[in-house]
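Asks: Have a look at the structure that comes next, please.
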Amino acid sequence: MVSTSFAENRFGLGTRGDEAAAGGDPRGWAVAQLARFDPHVAGIPDSRSVAIELADYLDLRASTKRMARMEAPPAGSVMTRAAMPVQAVRTPELMAAQLAGRAAYATLVGARINSALTTPAPFAERLTHFWANHFAVSADKATTIGFAGLLEMEAIRPHVMGRFGDMLLAVEQHPAMLLYLDQATSVGPQSMFAQRARKTKGLNENLAREILELHTLGVRTGYAQADVTEFARALTGWTVAGIARGPAARFVTGAPGQFAFVEGLHEPGDRTIVGRRYRAGGEEQGRAILADLAVHPATARHVVTKLARHFAADDPPPAMVARLEQAFLRSGGDLPTVYRALIDSPEAWNPATPKFRSPWDWTVASLRAVGVKRIDGDATAALLTQLGQPVWRPGSPAGFDDIAATWAGPDALVRRVEAAQRLAQRAGQGLDARTIAPRVLGAALTPATATAIGRSESPATGLALMLVSPEFLRR
Amino acid sequence: MFDRRNFLSASGWAAAALVANPTVAFARAETDKRFLFIIQRGAADGLAILAPTGDPAYAGLRGDLARDAASGTRLDSMFTLHPALGETAKLFAAREALFVHAVASPYRDRSHFDGQNVLESGAGGAYRLKDGWMNRLLGQLPGDKGIALSPAVPLALRGPVPVESYAPSALPDAADDLMLRAGDLYAKDPQLGPLWHQALAARDKAGDLAVGKGGAALGALAARQMSGSDGARVAMIETNGWDTHSGQAYRLAAQLKQLDATIASFRAGLGAEWRNTIVLVATEFGRTAKANGTGGTDHGTGSMTMLMGGAVAGGRVIADWPGLSNGALYEGRDLKPTTDLDALVAGAMAQHFGLDAARASALFPETRPVPFASKLIRA
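The listed protein sequences derive, respectively, from chains A and B.
For the first sequence, my numbering begins at 4 and goes up steadily by one.
For the second sequence, my numbering begins at 14 and goes up steadily by one.
Spelled out as structure tokens, the structure:
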């Protein structure tokens, strides 16, 4: 018989050390949160403000580069422009514009972690983190740093308790995704714009490929290169308003930071993708393809396998995957239906197969355990970088791995000990790990850890030991 | 002979490692030969790094992207090395660098993650083997140790032979007391115990190089970890950022500058041991022959591979060049692979570590390549 403490760790974000553990029925605890989730997060920028700042930055960067080039040594002297990574002159204005993107990132990291620390619905909050990683964008380009967190706030959160297809469309039309996977600058080779342009502009198949491989069907599910290229053609014209520069800019209308469909960039014609024909029809064509992909059986299998991996075991139990798949397909991708099937799966409640906590999971659980309710976004970002999982910066559209082999590394372990020492010293004043450990670890607390905590040389060491104990490193 | 694996399975070592000098745990290695693998994650553009400027189709396919080659180092009538690789060009002139073009692993699709899985596992397809070919190599070099210069152990090094990992941390060191007590808690944990022991050994070795960033610092750190009789003989560095769908000219030059600095500082740090060393640089697949519409290139197939080091019989480009004309491209878009990366790696390992053909071939148990017979390593 498992306890609510188990549910708080496996399904939630870890028990708060300064609150009494939720009693009662652990499955009921999880189900109740599906209705309790508030998608709104206060005090954050939006896509409009980030887009305006990004456009300023891009203009400034272009003009300082032009100036730098005029002052550069004449051609033929040692290096060409391309060989010498442009050291754009770092004018104060450019640096200030650059800081705007970083400031938005830090504010959003702060909003994410503080929401995780104080939410009344930690299971739902965990699900938003899960989906943000499924639809990963990486905040390591100047064009994505400010937008990356907004994908989670604006495209994921509103749909976590809705349909997968709605979330998919919101994600693929969000500026963060359109910029990160180069869709915003992809041009149909036969489009009006390409026909008129003197310089060849063309197709970029990055987003189309990753939608098929990562967001929906999954790799090796039968689609071919031709499907990728056709899909990329269908998606041409999907871009972001207010950011485009150069000759294409006048084609793009709309409020800054909003999705824009630009007919002049769109490749005309019917398309065939994964055996289905889609009539020419502007933005509708891409939408129709996404709608079909969202309920495709391969998508169901791909998505629920990842959910099962996240909640049950690194190697997802096949019987559980099959049940979740049925729930997904029968409900047309209704996510709460899938979550209920997840909660009803005994495999997710097996204490014998714990999940090794990712750095993000471990940090959130640690802060909750030592009673922190508010933490600065910059500090959080720096800590997660040191722990090996920089927030919204997986470095690849596949997102972060969700298996122990990735996170349980020798060096990673020492870093957690170092971080635990710091957290315990800073946040743990007056806390006694001997009373907190049974509360946050429940039945998982081993006699060895309890003894070690009891014998530690100081209260801070006791708290740090609790945070790095084998049972706390897992959920 | 002292067997490291047996030592690791002995009980009580985690705490002992803190009080004794952990370097005594490693037996004197069987070989002086050293091998460093630098993986380029994201599909590095071999057609820009080693540009086939002698191919009549190149300039037309690449447009603006072909401009870099004009200031690069002309290696022969066909190939030009990217201008950002100045140190690497010097190695080539000193016959310590060898490049192989139109190379690919057995993987023929265009997913980064599957492609890297094949490159690292050494399998015939994605997700067929759970261990990496470098771990299998360590299994054939008893007494030698391996290290990953990253916070976690990448797939290529994962497997039954324990491997260390180390990357510089900016966090303040934990107190010895906390380290000792945490080590006690991990001692009996089958997953965490061995990890803890490996971490302590690597930290001890890194010493004052533990802080520092960028390509040069990474090369110096790798050299430090691989120096001396107790140093690792097999190591791996992960590099990201090669997926240049847009803005390729600038991004690739910056990437290559870092790579060039890593190799130069690695060579300097190794000193005389450089003559016993080879460095392999490889990526999961190449990029499209034609530039795309956004100043970059998309996922392709054939790419290029580098072998560098004092032990390398360099100063040559090996390529059975397939050509870039429309009919010669793989699926009408990518550089067609004509050299099998597995066979090349098996050949380099066989010649460098003195493995017979059967053992070298077994590094890739599914494809069982015939190791490259032409001379890659100096006698």
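No residue lacks a Cβ here, since even glycine has one placed at the ideal position from N, Cα and C.
1. B:Phe112 by DSSP, collapsed to three states: which one?
2. Can you pull the chain A neighbours of B:Val166, defined as C-beta to C-beta under 7 Å?
3. In chain A, which residues lie with their C-beta within 9 Å of the C-beta of B:Gln53?
4. Under 8 Å between the Cβ atoms of B:Gly309 and B:Gln261?
5. Evaluate B:Tyr140 with the Cβ neighbour count: other Cβ atoms within 10 Å of its Cβ, from every protein chain shown; 16 or more gives buried, anything less gives exposed.
6. Apart from the five residues just before and just after B:Ala235, which ones in its own chain have a Cβ nearer than 7 Å to its Cβ?
7. For a contact defined as C-beta to C-beta under 8 Å, what are the partners of B:Ser259 on chain A?
8. Would you kindly report the start and end of the unbroken alpha helix (DSSP H) that includes A:Ala411?
9. Starting from A:Glu474 and walking both ways along the beta strand (DSSP E), at which residues does that stretch end?
10. Just how far apart, CA to CA, sit A:Phe150 and A:Ile55?
11. Measuring only the C-alpha atoms, how far is B:Phe366 from B:Leu132?
12. Under the DSSP definition of a beta bridge, which residues are partnered with B:Thr290?
13. How is B:Ser178 classed by DSSP in three states: helix, strand or coil?
14. Below 8 Å between beta carbons: does that hold for B:Trp146 and B:Gly138?
15. Helix, strand or coil for B:Ala396 per DSSP?
16. Curious, which full-length beta strand (DSSP E) runs of at least 3 residues does the stretch 154 to 215 of chain B contain?
17. Give the range of the alpha helix (DSSP H) segment to which B:Met239 is assigned.
18. Run down chain A in chain order and give the residues with a C-beta less than 9 Å from the C-beta of B:Met147.
19. For the stretch 299 to 314 of chain B, enumerate the residues whose C-beta is nearer than 8 Å to any C-beta of chain A, in chain order.
20. Could you check what DSSP says for A:Trp134 in three-state terms: helix, strand or coil?
21. Would you mind reading off the limits of the alpha helix (DSSP H) that contains B:Met147?
22. How would you label B:Ser90, buried or exposed, when you count the other beta carbons within 10 angstroms and need 16 or more for buried?
23. Could you tell me the distance, in whole angstroms, from the CA atom of B:Leu265 to the CA atom of B:Ala302?
24. Closer than 9 Å, Cβ to any Cβ of chain B: which residues of the stretch 365 to 393 of chain A, in chain order?
25. Contact criterion: CB-CB distance below 8 Å. Does B:Tyr343 meet it with respect to chain A?
26. Name the chain A residues that come within less than 7 Å of B:Asn253, Cβ to Cβ?
27. Got a sec, what are the start and stop residues for the beta strand (DSSP E) B:Ala392 sits in?
28. Check A:Thr147 in the structure and name its three-state DSSP category.
29. Using beta-carbon positions only, say whether A:Thr242 and A:Leu206 come within less than 8 Å of one another.
30. When DSSP builds the beta bridges, which residues end up paired with A:Asp49?
31. Assuming B:Thr358 and B:Leu111 are in contact, meaning their beta carbons sit under 8 Å apart, how far apart are those beta carbons, in whole angstroms?
32. With distances taken Cα to Cα, identify the nearest neighbour of A:Ile406 among A:Lys309, A:Ala109, A:Leu130, A:Leu111.
33. Would you mind reading off the limits of the alpha helix (DSSP H) that contains A:Trp32?
34. By the criterion of Cβ-Cβ separation under 7 Å, what are the contact partners of A:Pro473 in chain B?
35. Under the DSSP definition of a beta bridge, which residues are partnered with A:Ile276?
36. Below 8 Å on the Cβ atoms is my guess for B:Ser3 versus B:Ala215; work out the distance and round it to an integer in Å.
Replies: With the given structure in hand:
1. strand
2. Gly412
3. None at all; the shortest Cβ gap to chain A is about 13 Å.
4. yes
5. Under this definition B:Tyr140 is an exposed residue.
6. Leu49, Leu162, Ala248, Ile250, Phe279
7. Residues of chain A passing the Cβ test: Asp185, Thr188, Asn207.
8. No alpha helix (DSSP H) contains A:Ala411, which DSSP labels as neither H nor E.
9. Here A:Glu474 belongs to no beta strand (DSSP E), and DSSP marks it neither H nor E.
10. 12 Å
11. 20 Å
12. B:Arg47
13. strand
14. no
15. Beyond the ends of chain B as shown, which are 14 and 392, falls residue 396 of chain B; an answer cannot be given.
16. 159 to 161
17. 227 to 239
18. Residues of chain A passing the Cβ test: none, with the nearest at roughly 15 Å.
19. Answer in chain order: Asn305, Gly306, Thr307, Gly309, Asp311, His312.
20. If DSSP states are grouped into helix, strand and coil, A:Trp134 belongs with the helices.
21. 146 to 152 is the extent of the alpha helix (DSSP H) around B:Met147.
22. exposed
23. 16 Å
24. Ala385, Leu386, Thr388, Gln389, Leu390, Gly391
25. no
26. Under the 7 Å cutoff, chain A gives Gly398.
27. Premise fails: B:Ala392 is in no beta strand (DSSP E) and is neither H nor E.
28. coil
29. The answer is no: Cβ separation not under 8 Å.
30. None; A:Asp49 has no bridge partner.
31. Checking the sequence shown, residue 358 of chain B turns out to be Val, not Thr. 13 Å between Cβ atoms; not a contact.
32. A:Lys309
33. In the DSSP annotation of this structure, the continuous segment of the alpha helix (DSSP H) that includes A:Trp32 starts and ends at 29 to 35.
34. Leu198, Tyr199, Asp202, Leu205
35. A:Arg279
36. Coverage of chain B is limited to positions 14 through 392, which leaves residue 3 of chain B absent and any answer about it impossible.
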